[in-house]
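If you want this note's numbering, it's the 1-based position in the sequence shown plus 50.
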Amino acid sequence: MDYDYFLSEVSKARQPSPIRALVPLVKTPGMISLGAGNPNPTSFPFKSMTVTLNDGQNYTIAEDDMADALQYGPTPGLPALREWLHNFQNTIHEPPAKSFDLCVGTGSQDLLAKTLEALISPGDYVLIENPTYTGTLAFLRSQPCNLVEVETDDQGLVPDSLYSILDNWDHTQRFPKILYTVPVGGNPTGISTTFERKQQIYAYAQKFNILILEDDPYYYLQFNSPRIKSYLSMDTDGRVVRFDSMSKLLSAGIRIGWATGPAPIIDRINMHTQATNLHPSSLAQMVIYKLLEQWGVDQFLKHADSVASLYKGKRDNFLACADKHLAGTCAQWVVPSAGMFVWIKLDGIDDTKDLIHNKALEKKVLAIPGEFTGWPVASEAARLYDDHFIKATS
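This is the structure:
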């Protein structure tokens, strides 16, 4: 694939940091480094760390590993963690494009924002789900691009809507190059795109030469087995960039996520990081890596299943209350099969923002108005449609 076609002018102008390129060489046995600018480790007051888990087990980050955790590290992430995650992606998703690359970031949203910056040029059109994740919308509002909303329903992104948009495109305008999607336990809808639809959508991405940005932080919070396969699992071309996160599974505050995709795109993410925050927290990465090393894939998946079970129980309790108090009223909802959210339609309510900011807050209840999840320059009809919804976290 010609990845230059997808890259923004800003991204094309980025050059690797010559200083950052030297960082991996510092670990070469016998190397005397006079140029990296690393602080002297004897100045650090920390020696080792012991982490105690909820089940009473613990693990220790010993002095040698602690030295790496406290120092500047490689931009793409600690090598041991990247190797573990690379093997994990092969085990879980079995990507057909075996040449994929991977980098670690300060949460998946950090990596997603850098990817969007690498792909969006002024005047570009970006395909998004309607509704979609407000965090991504917040970033896109600052970008010189136009958003094109693709329909969703109770089975996720609607392939016919995507095809109609692309097949009937006005070719006096720039053709879209990227599709952004939250395919499992979607934020805000809680809806998951079926595997059959993913296959159709991937086929359309091939036909129209689109990159798929698969933002999938709720993938391991699926309530049914087996899990719906990912876009990465069917990516024969190298046109999927996948974003995973530890936030929903291990800790939101630890801020560790990873991006998987074609090397030319991952390289651009790394160049952005080189010029901004240098690398994700080495200490946070080491805490995660030593846990994964102790657990292995099977124990990690067992933990993920327990977290999914927790959220399934919370969903069931939430919907039981909704059935008790809202059934037969103006409220409608789809039962989510993954994630943390319930998307509630309130017929007869013209402005859910007003409802939440006044009556709900009086009762000390907080939810998200539907209008927060739509593009602000959408049609009046679309805006009024969004006004009938609220997002609740179960």
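Just so it is clear, CB atoms sit at the ideal spot from N, CA and C, and this is done for glycine as well.
For clarity, every value in this text was computed on a predicted model and none was experimentally measured.
Do residue i and residue j have their C-beta atoms closer together than 7 Å?
i    : j    : result
L216 : T243 : no
I306 : M296 : yes
V198 : Y175 : yes
S280 : H143 : yes
D265 : L162 : yes
S214 : V200 : no
E113 : S98  : yes
G363 : G235 : no
G127 : V154 : yes
K352 : I111 : no
A334 : R289 : no
S171 : E59  : yes
S445 : G123 : Residue 445 lies beyond the residue range present for the chain, which begins at 51 and ends at 444; the question has no answer from this structure.
W308 : L135 : yes
M336 : A168 : no
I406 : A417 : yes
V347 : L299 : no
Y230 : L263 : yes
F40  : S387 : Outside the shown range of the chain, which is 51 to 444, sits residue 40, and nothing can be said about it.
C380 : D397 : yes
K395 : F422 : no
Y53  : P314 : yes
With respect to the alpha helix (DSSP H) encompassing residue i, which residues constitute its N-terminal and C-terminal limits?
i    : result
G398 : G398 -> no alpha helix (DSSP H), and no H or E assigned at all.
C195 : From DSSP, C195 is part of no alpha helix (DSSP H); its letter is neither H nor E.
V357 : S332 to L376
G185 : T184 to L190
S61  : E59 to A63
T402 : T402 to L405
R292 : Premise fails: R292 lies in the beta strand (DSSP E), V290 to S295, not in any alpha helix (DSSP H).
I316 : A313 to Q324
N137 : P129 to H143
State the Cα-Cα distance for the pair residue i and residue j, rounded to the nearest angstrom.
i    : j    : result
T326 : S67  : 11 Å
F350 : L152 : 19 Å
I228 : Y55  : 11 Å
W393 : Y268 : 16 Å
A377 : E179 : 28 Å
Q121 : Q324 : 16 Å
E412 : H375 : 18 Å
Y292 : S61  : For the record, residue 292 in the displayed sequence is Arg; it is not Tyr. C-alpha separation (whole angstroms): 19 Å.
L369 : R318 : 43 Å
V384 : I241 : 8 Å
Q250 : K414 : 44 Å
K148 : M284 : 11 Å
D355 : L282 : 21 Å
W425 : L190 : Residue placement at W425 is poorly supported in this model, since its pLDDT is 48, which falls under 50; the coordinates still yield a value, given next. Cα to Cα, the separation comes out at about 9 Å.
T402 : D204 : 21 Å
E430 : R64  : Note that E430 scores a pLDDT of 45, beneath 50, so its modelled location is shaky and nothing firm can be said.
T286 : Y252 : 10 Å
N218 : F258 : 12 Å
K409 : N108 : 47 Å
P226 : M51  : 16 Å
Are there 16 or more other CB atoms within 10 angstroms of the CB of residue i, so buried, or fewer, so exposed?
i    : result
Q223 : exposed
T78  : exposed
T156 : buried
N237 : buried
H329 : buried
G420 : buried
G311 : buried
P91  : exposed
A188 : exposed
I82  : exposed
T141 : exposed
C195 : buried
S158 : buried
L75  : exposed
F391 : buried
D160 : buried
F96  : exposed
Starting from residue i, trace the beta strand (DSSP E) in both directions and tell me its first and last residue.
i    : result
D265 : L261 to D265
I170 : From DSSP, I170 is part of no beta strand (DSSP E); its letter is neither H nor E.
Q121 : Counting along the chain, Q121 falls outside any beta strand (DSSP E), and DSSP gives it neither H nor E.
D151 : D151 to G155
A381 : A381 to W383
I306 : Run containing I306: none; DSSP gives neither H nor E here.
L229 : I228 to T231
From the DSSP output, which residues share a beta bridge with residue i?
i    : result
T102 : N108
V211 : Residue identity differs from the one stated: residue 211 is Ser in this sequence, not Val. In the DSSP output, where bridge partners are listed per residue, S211 has none listed.
T12  : Outside the shown range of the chain (51 to 444) lies residue 12, about which nothing can therefore be said.
E201 : N180
A255 : DSSP lists no partner for A255.
P419 : I440
G206 : D203
Q249 : Answer by DSSP bridge pairing: none, since Q249 is not bridged.
Tell me, please, whether the CB atom of residue i is closer than 7 Å to any CB atom in chain C?
i    : result
N180 : No chain C appears in this structure, which consists of one protein chain only.
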